[in-house]
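FYI, the numbering for the sequence shown is 1 to 541, going by this note's numbering.
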Amino acid sequence: MDGRRLRRFGRRRRRQSSLLPVGATAPEYNTAYTVSCCYCDFKIRALNDALSRFGRRHAAWLRVWFSIGVGFSLTLLLALSFLLVWNLFAQRNSNDAAFFFLFGFSPSVSLADAAYLLLSTLISVSVHEFGHATAAACEGVQVEYIAVFFAVLFPGALVAFNQDLLQSLPRFTVLRVYCAGIWHNAACCAVCGMLLFLMPLILFPFYKQCEGTMVLDVPSTSPLSGYLSPGDVIVSLDGIHIHNEQDWMEMAALLDKYTPQNSSHSKYPGLRAADGRKGYCVSNYMIEESKKIQLLDNQSACPNDFIAFVTVQCFDISISVNVSSEGDQLNKLENVYCLNANDIVKLKKCGDGWVTSSTNGSHCVCSKEESCLTPVQLPGLAWVEITYSRPYSLECKQLSRSSVSDTRTTDFTDPHCGGTFVFFGDVIFMAQSVSLTQYQPRWASSFGAYLPNILRKSLICLFHVSLTLALLNSLPAYFLDGESIFEVTLCFITSLSPRQREKVLHVCLMGGTLISILTFLMTFFINFFVGKGSSVLSLSL
């Protein structure tokens, strides 16, 4: 022993040599560094005196604070020990999802979130080690240095202090130091959760909320590329007002639920109306003009940007156009009309498929000069009306404030201020292909539009990384804080001799380490190779 204790996620001893070390240190300097092929650190001694003064000045309430942390950490250690044993022998089903949630992991972390993960890791380990350093300082244990390191590609932090002086302190005092890191990570999670809960209130003076969901990014691969652009506000889907991202995804899932997945025709697979659910009152003149447009190859597909529509009888709009015989199918092709969707969406709606329609049980809302036409749906493809606004465009700024703020009733007839278009395709892929936010800046700002999303991502990521660090260090396993905590806790059992305590310690730590490794390997194998699991918590927003 060299008299120093290195804090790096748990109890560690200084190695006598490192692989290809290159370093510099001097007593008169406040910094030093160590570099090797797979490890480098930057030691800081300038904070030693400040930590010592802070610990001595607030020693009384810090001891109370860290004493609460001892109870929390011991409870967490016992709970995780039970969970590991139970999860090892339990049936592997939904427990995997709960295990991922408990440890803050997500199998679907994308490369785009690497910056959030890196920053959150640095903050979490810094908070963890600051807890150990503060707890040691308030007990009179001198901190030698604080270091930030990179081991391979993983960042971290460590604190070095006098091990001999620490071991001379009372057992409960030592527990306060050992449990301080876990306790600080738990406090960090609580702060992140509180900020996420209060985020709408904090940002209220600068952002409008629940007035539509604003588009942050539309990739070129998105089916909405060319229709929506960053800064546009999605007002509604099929007439249902969209307040936030959750409404957007829930509405998309609802529309996908009612989308036909199979076709009953073999020769004409596209000829299928959506049970007459969504219709438009089309004038007879438009119908006559559409007869001039011929179907391609005598099929139900229309040329160019036209969409196939069929007439639905007013007295029974729920009757599908599907027929049993091939001859009837050919006759039905004569009633297929190719119409421009951009013109159709401006017309009055008919049918019982519109959630916002109020026909009082009657589907006969079209006049005598009109017919109710419904789009022909292909299997797996949904017909969705998307209404959007462009409140930050120069043209829209010239409109009255009332016409812009009342997004429930605005028609957005000005093409520069918004409008309505039809999406015809996979609605789930469409919903997931764009990045949205419920916060709209009260003043036009490019960076301001992205700031709430950045803050939300950062807080969520910091919450899960800090939770992961706290839970991992609570495991009764080697090289973690759980090892030191469990070792000191055994000393309170006076009925055991030192040799017996040492045997119990090694058996429990060996068992805890093996069970932890086995549990993680089984969970990752099931979720990544068997394909049983799915992403539980995702950083992608």
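Each residue gets a CB set at the ideal place from its N, CA and C atoms; glycine is no exception.
Residue closest to residue i, alpha-carbon to alpha-carbon, out of the options
i, options, result
"proline 441", "Cys350, Phe72, Asn453, Cys508", "Asn453"
"alanine 46", "Arg501, Tyr145, Asn244, Val434", "Tyr145"
"leucine 542", "Asp232, Phe197, Gly181, Gly511", "Nothing about residue 542 can be reported from this structure: the residues present for the chain run from 1 to 541 only."
"leucine 214", "Ser446, Phe424, Val310, Gly140", "The sequence given here has methionine at residue 214, not leucine. Ranking Ser446, Phe424, Val310, Gly140 by Cα distance to methionine 214 puts Ser446 first."
"cysteine 38", "Ser168, Gly279, Ala151", "Ala151"
"phenylalanine 204", "Pro498, Tyr439, Phe520", "Tyr439"
"leucine 77", "Gly512, Met522, Leu518", "Gly512"
"glycine 351", "Lys278, Lys43, Leu84, Leu378", "Lys278"
"glycine 71", "Phe172, Asp113, Ala308", "Phe172"
"leucine 472", "Ser73, Ile44, Asn48", "Ser73"
"threonine 437", "Cys366, Asp217, Val159", "Asp217"
"isoleucine 123", "Pro498, Ala187, Val434, Ser283", "Ala187"
"threonine 420", "Gly448, Asp343, Ser474", "Asp343"
"leucine 521", "Leu51, Leu84, Lys43", "Leu84"
"tryptophan 443", "Leu394, Ser229, Tyr478", "Leu394"
"histidine 132", "Phe525, Ile493, Thr494, Ser484", "Ser484"
"valine 159", "Leu518, Leu51, Val434", "Leu51"
"valine 434", "Leu518, Ile234, Ala32, His128", "Ile234"
"isoleucine 386", "Glu289, Gly212, Val488", "Gly212"
"phenylalanine 306", "Asn340, Val336, Ser290", "Asn340"
"tyrosine 337", "Val365, Glu289, Pro379, Ala382", "Glu289"
Cβ-based neighbour list, residue i, same chain, cut-off 7 Å, excluding 5 preceding and 5 following
i, result
"lysine 368", "none"
"glycine 55", "Leu62, Thr134, Ala137, Cys138"
"phenylalanine 130", "His184"
"phenylalanine 89", "none"
"proline 476", "Leu77, Ser81, Gly482, Phe486, Cys508, Leu509, Gly512"
"serine 371", "Val282, Asn284, Ile287, Thr311"
Buried or exposed by the 16-neighbour rule on C-beta atoms within 10 Å, applied to residue i
i, result
"arginine 53", "exposed"
"valine 64", "exposed"
"proline 391", "buried"
"proline 21", "Because proline 21 carries a pLDDT of 36, less than 50, the predicted location of this residue cannot be relied on, and no value is offered for it."
"cysteine 138", "buried"
"aspartate 238", "buried"
"tyrosine 258", "exposed"
"tryptophan 248", "buried"
"threonine 75", "exposed"
"glycine 418", "buried"
"aspartate 49", "exposed"
"threonine 374", "buried"
"serine 220", "exposed"
"phenylalanine 525", "exposed"
"phenylalanine 492", "exposed"
"glycine 226", "exposed"
"alanine 449", "buried"
Cβ shell of residue i (< 8 Å), same chain only, five flanking positions each side left out
i, result
"proline 428", "Checking the sequence shown, residue 428 turns out to be isoleucine, not proline. Ala252, Ala253, Asp256."
"methionine 430", "Ser222, Pro223, Leu224, Ala252, Val384, Phe423"
"glutamine 167", "Val174"
"valine 504", "Leu490, Leu496"
"tryptophan 86", "none"
"histidine 58", "Cys138"
"glutamine 500", "none"
For residue i, three-class secondary structure by DSSP
i, result
"glutamine 438", "strand"
"cysteine 372", "strand"
"asparagine 236", "Contrary to the premise, residue 236 reads as serine rather than asparagine in this sequence. In this structure, serine 236 counts as strand in the three-state DSSP scheme."
"tyrosine 450", "helix"
"phenylalanine 492", "coil"
"lysine 208", "strand"
"glutamate 385", "strand"
"threonine 311", "strand"
"lysine 346", "coil"
"leucine 475", "coil"
"serine 290", "helix"
"glycine 140", "coil"
"phenylalanine 525", "helix"
Own chain, CB closer than 6 Å to residue i, minus 5 neighbours either side, in chain order
i, result
"serine 120", "Cys461, Leu462, Val465"
"histidine 243", "Cys210"
"phenylalanine 66", "Ala135, Arg176, Ala180"
"leucine 459", "Cys192, Leu195, Leu196"
"glycine 231", "Tyr392"
"phenylalanine 149", "Asp41, Gly156"
"leucine 165", "Val141"
Residue(s) in a DSSP beta bridge with residue i
i, result
"threonine 75", "Beta-bridge pairing links threonine 75 to no other residue."
"valine 215", "Leu436"
"threonine 121", "Paired residues: none, contrary to the question."
"asparagine 340", "Phe306"
"threonine 519", "Note: threonine 519 sits in no beta bridge, so no partner."
"histidine 241", "Ser236"
"threonine 420", "Thr387"
"tyrosine 280", "Lys349, Leu373"
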